[in-house]
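Peer 1: What the sequence shown shows, in my numbering, is residues 600 to 816, in sequence order. Using N, Cα and C, we set each Cβ at its ideal position, and we do this for glycine too. Since this is a predicted model, take the numbers as computed values, not measurements. Can you read through this structure? Questions will come right after.
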Amino acid sequence: MSIISKMRALITLGEGMSRGISELTVSDDPLSLFADWFESAKRAGLALPEAMTVATANANGLPSARMMLLKDFGSEGFVFYTNYESRKALDLQENPQAALVFHWPALQRQIRVEGRVERISTEESAAYFRTRPRGSCIGAWSSKQSSTLDSRAALEQRFRDYERRFDRGEIPLPPFWGGFRVIPDCVEFWQGRINRLHDRIRYTREGNHWRIERLYP
Ligand SMILES: Cc1cc2nc3c(=O)[nH]c(=O)nc-3n(C[C@H](O)[C@H](O)[C@H](O)COP(=O)(O)O)c2cc1C
């Protein structure tokens, strides 16, 4: 990290800790506050600010959670990419609801998102897939994500087989791989403050607008 990025990170850190958030002045729209906070996390030079926990539950309500990378967000929601036959994807097929958690400890910030989940279009997944490094594309073809695997060697053999199959030209989108979008119904912003009197501001979707409330920490 250069001296300038280090100084920027320290300034952002200072801003995060000294400034609380108020239900009276926050943006009407949680996506715009999310964009501000995400920008601050990037400016602060945090490692993987786009890393988030994605929690799902199956039809019996059995929860499971894992880390994922946020690849896109906007007024429509939060997008991540994965294998459509993985455990999380099977959970989402049975129960299309998820919760996301972002945690940026250096800024004392946490964001929680809850909402309905849908698959994004094949065109959108294909457009993203084309931007991935070739090795990651072959990796996606090679992995039967979340299934049991006899040995590391078997996985590496599958990788070599797909490398041969796609030895030239564009690698197509695997039919079992793509994006999910979490369409938020609820987004909560947590800002650490002194004496554990943290700020918690929760947005809840109500038709075309968002209800904004402060919660006890
Ligand atoms: C920081 C981090 C980021 C990850 N990002 C992704 C991702 O974007 N997509 C993905 O399928 N798995 C990602 N993984 C792997 C998942 O955590 C998980 O192991 C995998 O998706 C299988 O989860 P499942 O069996 O619950 O479906 C990531 C792991 C880590 C530690």
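Alpha carbon to alpha carbon, how far is residue 692 from residue 762?
Peer 2: 31 Å
Peer 1: Roughly how many angstroms lie between the CA atoms of residue 758 and residue 734, to the nearest whole one?
Peer 2: Their Cα atoms are separated by approximately 9 Å.
Peer 1: If we call anything under 8 Å between Cβ atoms a contact, is residue 802 one with residue 786?
Peer 2: yes
Peer 1: Ignore the nearest five residues each way along the sequence and tell me which others in residue 776's own chain have a CB closer than 6 Å to its CB.
Peer 2: 682, 739
Peer 1: Considering only heavy atoms of ligand 1, does any lie closer than 7 Å to the CB of residue 743?
Peer 2: no
Peer 1: Taking Cβ positions, are residue 784 and residue 684 nearer each other than 8 Å?
Peer 2: Residue 684 sits away from residue 784, with the two beta carbons spaced by 8 Å or more.
Peer 1: Does the region 694-710 come within contact of the region 647-664, defined as at least 3 CB pairs closer than 8 Å?
Peer 2: The region 694-710 makes contact with the region 647-664, as at least three CB pairs between them are under 8 Å.
Peer 1: If you draw a straight line from the alpha carbon of residue 707 to that of residue 670, how long is it in whole angstroms?
Peer 2: 23 Å
Peer 1: Please state if the CB of residue 804 and the CB of residue 814 are separated by a distance shorter than 8 Å.
Peer 2: Taking 8 Å as the Cβ cut-off, residue 814 and residue 804 do not qualify as a contacting pair.
Peer 1: Consider the C-beta atom of residue 656 and the heavy atoms of ligand 1; say whether any pair is separated by less than 7 Å.
Peer 2: no
Peer 1: So, are the CB atoms of residue 622 and residue 812 less than 8 Å apart?
Peer 2: Contact check for residue 622 against residue 812 passes: the beta carbons are separated by less than 8 Å.
Peer 1: Does the separation of the CB atoms of residue 724 and residue 778 fall below 8 Å?
Peer 2: yes
Peer 1: Give me the Cα-Cα distance between residue 620 and residue 790, rounded to the nearest whole angstrom.
Peer 2: 7 Å
Peer 1: Examine ligand 1 and report whether any of its heavy atoms sits within less than 7 Å of the Cβ of residue 677.
Peer 2: No, since every heavy atom of ligand 1 falls outside the 7 Å radius drawn around the Cβ of residue 677.
Peer 1: For a test of the three-state rule: what should DSSP assign to residue 770, helix, strand or coil?
Peer 2: coil
Peer 1: Applying the 10 Å Cβ sphere with the 16-neighbour rule, what's the burial state of residue 648?
Peer 2: buried
Peer 1: Does DSSP put residue 649 in a helix, in a strand, or in coil?
Peer 2: coil
Peer 1: Starting from residue 713, follow its DSSP beta bridges and name the residues at the other end.
Peer 2: 698, 785
Peer 1: Between the Cα of residue 773 and the Cα atoms of 727, 748, 747, which residue gives the shortest distance?
Peer 2: 727
Peer 1: Taking the straight line between their C-alpha atoms, what separation do you get for residue 564 and residue 695?
Peer 2: Since the first and last residues shown for the chain are 600 and 816, residue 564 lies out of range.
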